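Only one structure is covered here, and it is reproduced in the block below.
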Amino acid sequence: KQVLAEITKQAPDFLPAWRRTAQIALAEQKYEESLGALKHIFEKNPEDVDGHLLRGQIHLAKKETAAAIAEFQGVLRQEPKSAPAHYQHAVAQLQAGSVDQAKLALQDAKTNAPGFVDAQLLLAELNIRTGNLDTAIEELEEVIEKQPKVARAYVLLGGAYLSKKEAVKATE
């Protein structure tokens, strides 16, 4: 943090330092500090996509769901193929209780970044919760085939098979 403070002091127009400062403050749950760093970014570049993604994440963390959704939708208007924006939009939709909207956003994230494991896992989890077990199993088997070290995929796959009353497959 001290190094970033020195960088932003010496080079106040260097936006990556402000962005990293905002990320660290968000991770530390210092939301006002994070918003303060974002203010510097938006003064120089009001359309900064990464800054808007961060501001959406702050809204999510503060349980300001409507504001988070609006922020992510704004990013998606600028960058319609942004898989991280689609993923964050899905998380915000879940926070709002809109599972179907979340699934659509996750599908968009997958389409734009086929190897986006977090999106695939969350989509599979939602499909399990909503009873779309075969779809979830297919998704999880794809993840495991491409990335066999993702432990959460095996846990979710076992749960999907148990939900289908296929205990033998659940333990394979």
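Heads up, the numbering used here is the position in the sequence shown plus 946, with the first residue counted as 1.
We put the CB at the ideal spot given by N, CA and C, even for glycine.
A quick note: this is a predicted structure, and the numbers were derived from the prediction, not measured.
Query                                                                                                                                                                       : Result
Cutting at 7 angstroms between CB atoms, please list the residues of its own chain near residue 1003, excluding the five before and the five after it.                      : 972 and 1034
If we ignore side chains and look at the alpha-carbon of each, how far apart do residue 965 and residue 955 end up?                                                         : 14 angstroms
Examine the Cβ distances between the segment 1002 to 1020 and the segment 1035 to 1046 and report whether three or more of them are shorter than 8 angstroms.               : yes
Rounded to whole angstroms, what is the Cα-Cα separation between residue 1073 and residue 1054?                                                                             : 15 angstroms
Nearest-angstrom Cα distance between residue 1094 and residue 1070?                                                                                                         : 16 angstroms
If we ignore side chains and look at the alpha-carbon of each, how far apart do residue 994 and residue 1087 end up?                                                        : 37 angstroms
Less than 8 angstroms between CB atoms is the rule here; does residue 1104 satisfy it with respect to chain D?                                                              : No chain D is present in this structure, which holds just one protein chain.
Per DSSP, what kind of secondary structure is residue 1110 in: helix, strand or coil?                                                                                       : coil
Whole angstroms is fine: what's the gap from residue 990's alpha carbon to residue 959's?                                                                                   : 7 angstroms
Where do the N-terminal and C-terminal ends of the alpha helix (DSSP H) with residue 1045 fall, by residue?                                                                 : 1045 to 1058
Short of 7 angstroms in beta carbon distance, which residues of its chain neighbour residue 1042, apart from the five on each side in sequence? Order them along the chain. : 1011 and 1015
With residue 1070 as the anchor, note down where its alpha helix (DSSP H) starts and where it stops.                                                                        : 1063 to 1075
Between the Cα of residue 1081 and the Cα atoms of 988, 1062 and 1110, which residue gives the shortest distance?                                                           : 1110
Indicate whether residue 1050 and residue 1021 have their beta-carbon atoms separated by less than 8 angstroms.                                                             : no
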